[in-house]
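Per our numbering, the sequence shown starts with residue 419, numbered consecutively.
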Amino acid sequence: MAPSASRLVILGTGALGRYYAYRLRDYNPIVIGTTPPPYAVYPPDRPEPDIIYPAFLPWEAPLANPASSILLAVKWAAMPRILTWISQNAPTARVFSLMNGMGQEDIFRRFPGITFLAGVTTDALTRVDPPDGPAGVFLRATGHTWMSMPDSGQPRDFPPWPDWSWESPDAIQERRWQKLLQNSVINPLSALTGVKNGELPTHPIWRLAPPLLDEARTVWARATGQDRPLKPLVKTVQELAEATRANRSSMLQDVLATRPTEIQAINGFLLRQGRRYGLSLPTHEAVVTLIERMAPTPDALWRLLAPETAPPEDGPR
Ligand SMILES: NC(=O)c1ccc[n+]([C@@H]2O[C@H](COP(=O)([O-])OP(=O)(O)OC[C@H]3O[C@@H](n4cnc5c(N)ncnc54)[C@H](OP(=O)(O)O)[C@@H]3O)[C@@H](O)[C@H]2O)c1
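This is the structure in structure tokens:
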């Protein structure tokens with residue numbers, strides 16, 4: 419049975435939000451954000467898009483009934499707005515997040531009524547916002563999605579996530595760390611050089627990949643108590659760059675579109691964790707400094723991530 423229209427909410431009208439509005443269209447989700455429908459969804463195997471018209475509300479409009487399930491599909495710069503929206507519209511919802519980066523669970527802990535569940539996806543989606551046509555999303559590659567299982571077990575009734583794999587929080591945490599390490603190399607190095615993923619391993623900047631991974635794995639080891647050898651990590655990231663050779667990383671897309679990046683939730687997260695453990699991460703510090711010069715993190719997000727530290731005028735945050 420399809421749930422009532424008011425209960426399933428997708429926060430974000432970017433690539434991920436548009437794609438899930440399409441995938442869940444039979445369940446009448448409400449999409450919240452800044453870009454109203456229609457949305458044109460371009461599957462990889464067809465030249466003509468599917469056009470969808472999901473229910474839509476701008477951020478400022480209140481929901482008629484509180485949301486019970488939320489798919490979080492925004493970039494990190496939206497997080498201050500998300501918290502305001504959730505406190506006003508969905509104080510007791512289940513929040514399923516496919517956002518990259520780490521540290522969201524710490525932020526959502528301030529909402530005792532929220533059940534926060536993080537996942538990982540290898541779908542590759544690119545937004546397109548033409549001036550003279552509907553906002554769209556290209557499905558570049560169909561991947562897989564893993565989601566943390568709620569304490570009550572896999573939700574069978576609602577929401578209807580048909581092909582997600584449900585795993586224990588520990589298994590998901592392992593996947594999120596792996597993805598964090600991959601993102602901490604491919605995202606900033608592609609954003610700094612402007613090259614597609616496939617060109618990175620032969621680019622001189624790739625010399626930074628081993629030190630980035632070496633520093634990141636020391637933080638991972640302190641956080642989880644498990645040491646991972648460096649060589650397989652370097653090999654995996656190189657294989658990933660080659661397997662996604664035609665992609666522009668999301669950080670490169672953000673820099674090209676002069677939008678804030680997610681650097682503070684990726685390399686910045688590692689830096690902050692490293693400081694907690696007394697670890698030095700000079701290579702991450704260097705790439706964070708460089709990316710911040712290209713696309714500064716908004717102060718509102720910075721205050722949320724590291725409230726104890728005022729954003730410095732210059733240098734790594
Ligand atoms: N795309 C993928 O293939 C993919 C794969 C795995 C994980 N992810 C992760 O999923 C999350 C969403 O990615 P995406 O590709 O959907 O990004 P996107 O296309 O750039 O869309 C981001 C959404 O966040 C909103 N947003 C950004 N800054 C905001 C702000 N300051 N205030 C309010 N709203 C703001 C955007 O609003 P506007 O429409 O106004 O810009 C848009 O709705 C990210 O964490 C990303 O790393 C994406």
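Idealized CB from N, CA, C, for every residue including glycine.
Predicted model only: the values in this text are computed from it and were never measured.
Own chain partners of residue i with C-beta closer than 7 Å, once the 5 adjacent residues on each side are dropped
i           : result
residue 606 : 669, 681, 685, 705, 709
residue 584 : 565, 567, 572
residue 690 : 724
residue 633 : 699, 701, 702
residue 615 : 604, 608, 659, 662, 663, 665, 667
residue 611 : 621, 623
For residue i, the first and last residue of its enclosing beta strand (DSSP E)
i           : result
residue 429 : 426-429
residue 458 : 457-460
residue 490 : 487-490
residue 513 : 512-515
Alpha helix (DSSP H) segment containing residue i, residue limits
i           : result
residue 722 : 717-723
residue 706 : 700-712
residue 687 : 685-694
residue 652 : 648-661
residue 433 : 433-441
residue 628 : 627-642
Residues bridged to residue i [DSSP beta-bridge criterion]
i           : result
residue 563 : 539
residue 590 : None; residue 590 has no bridge partner.
residue 475 : 450
residue 469 : 458
residue 584 : 565
residue 553 : 457
Closest residue to residue i among the options (Cα-Cα distance)
i           : options            : result
residue 484 : 468, 503, 492      : 503
residue 470 : 506, 462, 463, 449 : 449
residue 479 : 627, 595, 429      : 429
residue 636 : 593, 439, 697, 540 : 697
residue 548 : 677, 720, 458, 462 : 458
residue 506 : 494, 531, 495, 491 : 531
residue 560 : 550, 714, 541, 569 : 541
residue 716 : 693, 494, 592, 639 : 494
residue 657 : 618, 590, 508      : 618
residue 446 : 468, 487, 472      : 472
residue 492 : 647, 522, 466      : 522
residue 722 : 442, 713, 695, 683 : 683
residue 771 : 476, 557, 550, 477 : Examination of residue 771 is not possible in this model, given that the chain is present from 419 through 735 alone.
Residues near residue i in its chain [Cβ-Cβ closer than 6 Å; skip 5 each side]
i           : result
residue 453 : 431, 553
residue 641 : none
residue 422 : Legend: pLDDT at residue 422 = 46, less than 50; position of this residue unreliable, value from coordinates given subsequently. Cβ neighbours of residue 422 beyond the five flanking positions: none.
residue 481 : 507
residue 436 : 457, 555
residue 639 : 645
residue 713 : 673, 678, 679
residue 455 : 471, 472, 474
For residue j and residue i, believed in contact at Cβ under 8 Å, the rounded distance
i           : j           : result
residue 512 : residue 533 : 5 Å
residue 555 : residue 546 : 7 Å
residue 514 : residue 490 : 7 Å
residue 425 : residue 487 : 6 Å
Close beta carbons around residue i, own chain, < 8 Å, minus the five adjacent residues each side
i           : result
residue 655 : 599, 600, 603, 604, 627, 631
residue 652 : 627, 628, 631
residue 594 : 520, 536, 538
residue 733 : Low confidence applies here, because residue 733 scores a pLDDT of 49, under 50, leaving its location unreliable and the question unanswered by this model.
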